[in-house]
Amino acid sequence: MRGLTGSSDGTDGDGASHDGRGTAGTAHRSGGVRAGLAASSTAMAGLAAFGLFCVSCSAGGTGTRDEGPAGTQPVAQVTPSLASPSTTAQPARRVNAVALLKRDSEVSPRVRTDLRPCSGDEYPVDTSYGSLTDGPAADVVVNVLTCGDSVGIGTYVYRPRDDGSYENVFAAEMPAVYGTIDRGDLVVTTQVYGSKDSVAYPSGEEVITYRWADNRFSEHDRVHNDFNRAVSSGEGELPTQAEPSRN
């Protein structure tokens, strides 16, 4: 009978369906509901966390990064570079040293007369530029040499004037003399020769340091060096280099 075998809504008495869906359809629907609830719970948790983050940021704090700047600020701080110097050293103005010497009355007539090119247009003149007298531009140190063996015969210092010309403020004319600039001082070296010394091997040297003060150069220091004449010939063989001893 229908009352015992089925119902008009297509289910058995125990609630089982006969329309092809049955228990599997019910399980599918219940699983979909659970998945939807889980997804909704996850979305709600994400929205809640985002809301808390926005509240913490709008409150003026640093959010969850209490140890660093807020998210709207750059984390890396750029260290400013050191300021570059406002001025740079200007190259010294080059001068015609030969022309300076030839028209300088402080230079002896012999040096001016003998000042000729060694080959072509190359004169035996060394020129250095540097600060010696605190002038408006670089001072000029000129050394005159011999063509044959390059022995110095004169050292001169020219100081620049405001109008661009130069004045002779130092002159040393003697055999084997040479002047250099050393940290703002004028250093003049003179080779000392004995009666039997060759040009290449002097007996010693005088090293005199001059310093500019009161518009003139004054001697500041003097050093005398004696050279060993026993090794001046340059002959003989070098000694055999021994291996260092190891203890």
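Under this note's numbering, the residues of the sequence shown are numbered 526 to 772, in order. The beta-carbon is built from N, C-alpha and C at its ideal position, and this holds for glycine as well.
query, result
"Simplified DSSP assignment, three categories, for Val636", "helix"
"C-alpha gap between Asp674 and Val702, whole angstroms", "13 Å"
"Uninterrupted alpha helix (DSSP H) stretches inside the segment 617–685 (no shorter than 4 residues)", "622–627 and 634–639"
"Alpha-carbon to alpha-carbon, Tyr691 and Pro685", "4 Å"
"Contact under 8 Å by Cβ, Gly709 with Ala697", "no"
"Cβ distance (whole Å) where Val676 is taken to contact Val666 below 8 Å", "That belief does not hold up - the Cβ atoms of Val676 and Val666 are roughly 17 Å apart, past 8 Å."
"Reference Asp688; option with closest CA among Pro661, Val636 and Phe742", "Pro661"
"Check whether Ala663 and Ala725 have beta carbons under 8 Å apart", "no"
"Three-way DSSP call (helix, strand, coil) for Ala482 in this model", "Given a span of 526 to 772 for the chain in the structure shown, any question on residue 482 remains unanswerable."
"Bounding residues of the beta strand (DSSP E) (the contiguous stretch that carries Ala725)", "Looking at the DSSP string, Ala725 is not in any beta strand (DSSP E), and its letter there is neither H nor E."
"Span separating the alpha-carbon of Glu647 from that of Ser720", "32 Å"
"Neighbourhood of Thr652 by C-beta, 6 Å cutoff - its chain only, sequence neighbours within 5 removed", "Ala622 and Val667"
"Exposure of Pro634, with buried meaning 16 or more beta-carbon neighbours within 10 Å", "exposed"
"Cβ distance (whole Å) where Val732 is taken to contact Thr705 below 8 Å", "Between Thr705 and Val732 the Cβ distance is about 10 Å, and since that is not below 8 Å, they are no contact."
"Own chain partners of Leu626 with C-beta closer than 8 Å, once the 5 adjacent residues on each side are dropped", "Val632, Val636, Arg637, Leu640, Val650, Val667, Val669 and Tyr681"
"Residue burial classification, Pro642 (beta-carbon count within 10 angstroms, cutoff 16)", "exposed"
"Reduced DSSP secondary structure (H/G/I, E/B, other) of Arg754", "helix"
"Straight-line gap, Ser656 to Asp629 (C-alpha atoms, nearest Å)", "21 Å"
"Under the three-state DSSP convention, the category Tyr718 falls into", "coil"
"Residue range of the beta strand (DSSP E) that includes Asp707", "Val702 to Asp707"
"For Arg619 and Asn750, the rounded distance between their alpha carbons", "34 Å"
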